[in-house]
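Participant: Its first residue numbered 28, the sequence shown is counted upward by one per residue in this note's numbering.
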Amino acid sequence: MKKYLLTVFLLTIAIPTLGQHTGRIFVDRNQNGLFDAGEKALKNIGVSDGLNVVKSDKDGRFTLPGHPGERFIFITTPSGYLTKNRHYQPILPSTQSYDFGLMPYNAGIAKDKSHRFLQITDTEIFNTTQNERWVADLRAYANNEKAAFIIHTGDICYEKGLKEHIRLMNTDNMGVPVFYCIGNHDLVKGKYGEEVFEKYYGPVYYSFDVAGVHYIVTPMPGGDHQPGYTRDEVVRWLKNDLAQVKKGTPVYIFNHDILTTGDRFIYQGKTESIDLDAHNLKAWIYGHWHINFKQKQGKVWTVCTSSTDKGGIDHSKGSYRVIKVDRKGDFTSELRYCYLNRHLCISTPTQQTASTTLTVNAYSSISPIRRVTYTCKEGNQILWKDKALIPQTDWTWTTQLPLANKHVGKKLTLEVTSLQENGEKTTETRTFTYIPEKPTTNLGSDWNNLLGNSSHSGGVSSANLDPTLTLRWVTNVGANLYMTSPLIHQGKIYVASVDEDAKGQAHVYALDAQTGKTVWKHPVRASVKNSIAIAAGKVFAQDILGHLYALNTETGTVEWEAQLPINTPPGLIDGLTATDQIVYAGTGKALSAFDAASGKLLWRNDAWNQREGTTTTLSANADVVIGSVQWSALYANDARNGKLLWQRNDNGLRNRGASAAIHDNLLYLTSEKAFFILDAKTGRTIVRKDLGYSVDVTSTPLLTDHEIIFGSAQRGLVALDNQTLEERWNCPVNNALIYTAPYTRPVSGTIETSPLLAGDLVWVGASDGCIYGIDKRQGQIKWKHATGVPVFGSLAASGNVLVATDFGGNVYLFHTCSMNRKPLAKNNKKQ
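1. For VAL838, which of helix, strand or coil comes out of DSSP?
2. Suppose only complete runs of 3+ residues qualify. What are the beta strand (DSSP E) ranges in the stretch 332-396, listed by chain order?
3. With a CB to CB cut of under 7 angstroms and the five nearest residues on each side skipped, what residues in its chain are close to LEU430?
4. State yes or no: is the beta carbon of GLY815 nearer than 8 angstroms to at least one beta carbon in chain B?
5. Could you spell out the range, first to last residue, of the beta strand (DSSP E) harbouring LYS309?
6. Are there 16 or more other CB atoms within 10 angstroms of the CB of LYS29, so buried, or fewer, so exposed?
7. So is ARG742 buried or exposed if we call it buried at 16+ other beta carbons inside 10 Å?
8. Count the other CB atoms, across all protein chains shown, that sit within 10 Å of the CB of ASP748; report buried if there are 16 or more and exposed otherwise.
9. Can you name the residues that DSSP bridges to GLN541?
10. Thinking C-alpha only, which one of LYS803, LEU441 and SER334 is nearest ASP732?
11. Relative to the C-alpha of PRO254, which residue among ILE280, ARG263 and GLU225 is closest?
12. Going by beta-carbon coordinates alone, are THR440 and THR458 separated by less than 8 angstroms?
13. To test your reading of the DSSP string, which unbroken beta strand (DSSP E) runs of 3 or more residues are found completely within the stretch 477-540?
14. Ordered along the chain, which non-local residues of its own chain (more than five positions away) have a Cβ less than 6 angstroms from that of GLY217?
15. By alpha-carbon positions, which one of GLU299, ILE318 and TRP328 ends up nearest to ILE312?
16. Note down the Cα distance separating THR454 from VAL443, rounded to an integer number of angstroms.
17. LEU477 and HIS483 - do their beta-carbons sit closer together than 8 angstroms?
18. Measure from the alpha carbon of THR712 to the alpha carbon of each residue in THR595, PHE702 and GLY719, then state which is nearest.
19. Would you call THR386 buried or exposed, if buried means 16 or more other Cβ atoms sit within 10 Å of its Cβ?
20. May I ask you to report which of helix, strand or coil DSSP gives LEU764?
21. Taking contact to mean 3 or more Cβ pairs, one atom from each stretch, closer than 8 angstroms, check whether the stretch 261-271 and the stretch 292-303 are in contact.
22. What number of angstroms, rounded off, separates the C-alpha of LYS809 from the C-alpha of GLY229?
23. What residues in its chain sit with their C-beta under 7 angstroms from that of TYR232, if we drop five residues either side in the sequence?
24. Determine, using beta carbons only, whether ASN475 and ILE561 come nearer to each other than 8 angstroms.
25. Rank VAL818, ILE689, LYS700 and CYS372 by C-alpha distance to the C-alpha of SER512 and give the top, closest one.
26. So does the stretch 537-545 actually touch the stretch 664-678, counting three or more Cβ pairs closer than 8 angstroms?
27. Would you say ASP528 and SER360 are within 8 angstroms of each other, going by their C-beta atoms?
28. Can you tell me whether PRO550 is buried or exposed? The criterion is at least 16 other CB atoms within 10 Å of its CB, across all chains shown.
29. Kindly indicate which three-state DSSP category TYR219 falls into: helix, strand or coil?
30. In whole angstroms, give me the CA-to-CA distance for ILE103 and ILE285.
31. Leaving aside the five residues before and after SER124 along the sequence, list all residues of the same chain whose C-beta is less than 8 angstroms from its C-beta, in chain order.
32. Can you tell me whether HIS891 is helix, strand or coil according to DSSP?
33. Please confirm if the stretch 783-792 is in contact with the stretch 691-705, defined as three or more CB-CB distances below 8 angstroms between the two stretches.
34. Just to check my reading of the structure: VAL54 and PRO131 have Cβ atoms closer than 8 angstroms, yes? What is that Cβ distance to the nearest angstrom?
35. Pick out whichever of ALA523, ASP570 and GLY826 has its Cα sitting closest to the Cα of LEU591.
36. Tell me the residue span of the beta strand (DSSP E) that contains GLY188.
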């Protein structure tokens with residue numbers, strides 16, 4: 028793609044005497060900034076002084092009257108053109124004519140006028156160094172996939188970040204136009220809050236056109252320092268800008284935060300307002316919350332994306348969003364992840380396998396995977412050549428290998444190749460032996476909650492697991508699986524999926540435990556991001572929009588539903604839990620107890636509020652229900668009537684993602700950089716152990732006979748001595764494939780899952796895409812299965828079975844070959 032020069036330099040902004048401003052807009056063929064003979068004048072181009080908006084005449088000329096608060100002259104960059112230097116000029120007494128030389132630029136626009144753009148947000152580079160790889164990935168993807176532009180929806184962060192980000196990412200060095208919004212942390216100390224932003228990025232509100240779509244950048248209403256603009260001023264400009272737009276034109280608005288949580292999009296000032304619904308508003312695209320969240324509000328889609336370079340506040344995956352706009356102005360979206368180039372892993376078959384499923388997890392940050400094929404050999408003999416796999420999700424490709432009796436016991440070699448859209452290829456090989464004899468899968472007690480019971484104290488399992496664990500089957504459900512721990516109940520496995528691009532992929536699934544085949548799946552309205560539970564013959568799930576579902580475990584039919592009064596954003600991220608008779612769901616003032624059989628509301632919390640999204644799963648016993656709010660507090664409600672018993676936000680208890688494990692009347696939990704034991708009834712601190720590293724992950728502590736074991740944000744799995752609280756061992760894992768723990772970046776060995784003990788090994792999944800069996804005494808890895816895609820859901824164990832899921836949508840059932848072991852311990856917390 029031809030590269031056009033965009034010079035980035037600092038502006039000295041002066042406020043001139045009020046008066047008319049004139050200029051010309053033209054095609055600057057020789058790129059000298061002057062309107063030369065033979066160059067084309069551009070008519071009907073919108074141009075503004077920050078209040079008034081006019082269009083250029085047939086000679087490309089315009090006249091603006093000016094106004095008291097003016098600081099810039101800026102244009103609505105038309106589709107098919109690129110501004111030579113930038114879309115704005117500061118108003119200076121010395122400027123006689125505000126001329127804008129444009130260059131033809133049709134990159135990223137298809138013949139049918141469809142196009143795509145990339146949204147990034149909340150990069151907050153003020154406190155990071157040597158972490159620029161995400162920018163290179165973004166640049167490569169934008170160029171490979173011919174993005175029309177990149178939009179940054181704010182929180183560059185503070186004066187240091189504002190100075191540096193424009194050098195890190197601009198139209199010149201990214202190869203595509205780059206636009207910026209102002210965020211709350213971009214309003215910094217100065218004559219007025221946006222002074223520094225304007226110095227480097229220009230006006231805080233403006234518009235541009237691409238392929239028949241009108242895009243508008245609007246400012247954050249307030250922030251760390253008082254802005255110089257008011258909402259009324261923005262409304263007046265919006266009215267004037269949209270008055271110049273042809274009726275029926277699709278409109279997209281960018282802002283750092285959401286305008287409303289309701290179904291009407293009225294931009295309201297103190298005295299003036301504008302009804303954006305009357306202007307064909309298609310989408311309001313924002314950041315601020317560090318979450319991935321998309322929903323329809325009335326006629327308008329609202330789209331929030333997490334931080335590109337790090338984990339989100341609610342453990343949302345660090346990502347950027349690709350938004351594809353069709354010729355009618357409607358759109359679809361896709362989350363993309365940085366730091367992964369030419370990543371390829373053969374997950375199954377394993378070295379010795381009874382399964383005929385070939386599962387490949389492949390990803391590239393810089394270019395989508397177009398095709399995955401395999402060739403299979405026996406020695407030098409080619410059995411099957413260049414056979415295509417079927418895409419299941421954005422990570423996973425599968426097929427059934429045509430293995431037969433003649434292949435039994437043979438050593439076979441797979442060569443798998445992924446082809447990216449940019450033409451790059453990656454190849455991996457795997458040697459395996461086909462052994463179709465299948466030892467009996469024996470299920471023991473049901474696993475009805477995260478870690479087996481409602482108090483999450485069941486992590487010491489009676490399951491017979493050891494390093495002979497082998498794969499029985501793998502099934503892909505066709506959608507991503509996030510932090511929903513699989514359940515095991517009366518011969519079935521239950522999981523639930525996320526749908527962060529609102530494509531109808533959210534479901535609850537029941538799989539046959541012997542075969543992995545889908546028994547039923549039930550669609551839900553939005554993502555189920557966290558724990559599900561089973562009680563009274565029903566599987567319970569809550570989606571991000573606050574719908575609580577009670578589904579018959581045998582048929583998947585709805586037994587009852589409830590709408591929880593949650594706030595969106597951030598939506599309902601928490602996990603629910605259930606005892607034999609009661610299901611506890613929701614968060615904040617939507618925290619509720621329901622009779623599991625009938626759906627009758629037993630009580631609802633009225634003492635504490637929802638805030639930022641939290642990945643904790645509610646913990647409950649007969650006395651207390653423990654809930655949590657990220658950046659707020661830990662709460663205990665009476666399990667019988669919902670009354671608040673206590674709350675704690677001091678001494679490092681304000682930030683956490685993990686659920687508490689309730690053992691008798693003690694809570695075991697991690698928060699920020701410390702481990703705690705609290706009195707469950709009073710909240711009194713019994714023990715606080717400073718760790719010196721982040722444990723803001725979703726990993727609930729496992730209490731064994733000698734150890735307390737939990738995951739961490741950067742150091743893998745950690746075991747403390749349960750008497751002295753000194754570290755017994757630390758088992759590092761590899762770098763996370765996707766960053767989820769808040770503010771984690773490369774390099775971080777993250778474990779978001781809760782460990783369980785079965786046999787002599789601790790079993791846990793990690794963000795590096797591996798499932799581990801780790802010796803509980805020494806912390807050494809004794810068993811490992813590489814999936815090649817992050818494992819965010821905690822494992823489940825029963826009988827001789829271990830069940831795991833990965834983010835690619837794969838459900839794995841492993842079982843032991845040695846059947847004569849005696850169980851180490853019994854699960855005595857049956858609830």
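Every residue, glycine too, gets a C-beta built ideally from N, C-alpha and C. Nothing here was measured: the structure is a model prediction, and the numbers come from that model.
Facilitator: Taking the coordinates as given:
1. Strand, per DSSP.
2. Contiguous beta strand (DSSP E) elements confined to the stretch 332-396 occur at 347-352, 358-363, 370-375 and 384-390, taking only those with 3 or more residues.
3. Cβ neighbours of LEU430 beyond the five flanking positions: THR383 and TYR461.
4. No chain B is present in this structure, which holds just one protein chain.
5. Unbroken beta strand (DSSP E) run through LYS309: 308-313.
6. The pLDDT assigned to LYS29 is 35, lower than 50, so where the model puts this residue is not dependable, and the model offers no usable value.
7. Under the 10 Å beta carbon count, ARG742 is surrounded by 16 or more other beta carbons and is classified as buried.
8. ASP748 should be labelled exposed.
9. Secondary-structure assignment with DSSP links GLN541 through no beta bridge to anything.
10. Distance from the Cα of ASP732 is smallest, within the candidate group LYS803, LEU441 and SER334, for LYS803.
11. Looking only at ILE280, ARG263 and GLU225, the smallest Cα-Cα distance to PRO254 is reached by GLU225.
12. Less than 8 angstroms separates the beta-carbon of THR440 from that of THR458.
13. You should have 497-503, 514-516, 519-523 and 534-539.
14. These residues qualify, in order along the chain: VAL223.
15. The option with the nearest alpha carbon to ILE312 is TRP328.
16. Looking at the two C-alpha atoms, the distance is approximately 5 angstroms.
17. Yes.
18. If we check each option's Cα against that of THR712, PHE702 comes out closest.
19. Buried is the call here.
20. Of the three classes helix, strand and coil, the one that applies to LEU764 here is coil, per DSSP.
21. Touching, per the Cβ criterion.
22. Between LYS809 and GLY229, the C-alpha separation is close to 57 angstroms.
23. Taken in chain order, the residues that qualify are VAL244, THR245, PRO246, VAL261 and TRP264.
24. Yes, Cβ-Cβ distance for ASN475 and ILE561 is below 8 angstroms.
25. For the residues VAL818, ILE689, LYS700 and CYS372, the minimum Cα distance to SER512 belongs to VAL818.
26. Contact annotation: the stretch 537-545 does not touch the stretch 664-678, with fewer than three C-beta pairs closer than 8 angstroms.
27. Yes. Within cutoff.
28. Exposed, because fewer than 16 other Cβ atoms sit within 10 Å of the Cβ of PRO550.
29. Here TYR219 sits in coil by DSSP.
30. Checking the displayed sequence, the identity of residue 103 turns out to be Thr instead of Ile. Across the structure, THR103 and ILE285 are spaced so that their CA atoms are roughly 23 angstroms apart.
31. Taking SER124 as the centre and dropping the five residues before and after it, the same chain places the C-beta of THR49, GLY50 and ARG51 closer than 8 angstroms to its C-beta, in chain order.
32. Only positions 28 to 858 of the chain appear in this structure, which leaves residue 891 out of reach.
33. With the cut-off at 8 angstroms, the stretch 783-792 and the stretch 691-705 do not touch.
34. About 7 angstroms separates the two Cβ atoms, so the contact holds.
35. Of the candidates ALA523, ASP570 and GLY826, the one whose C-alpha sits nearest the C-alpha of LEU591 is ASP570.
36. GLY188 -> not in any beta strand (DSSP E); alpha helix (DSSP H) instead, spanning 185-195.
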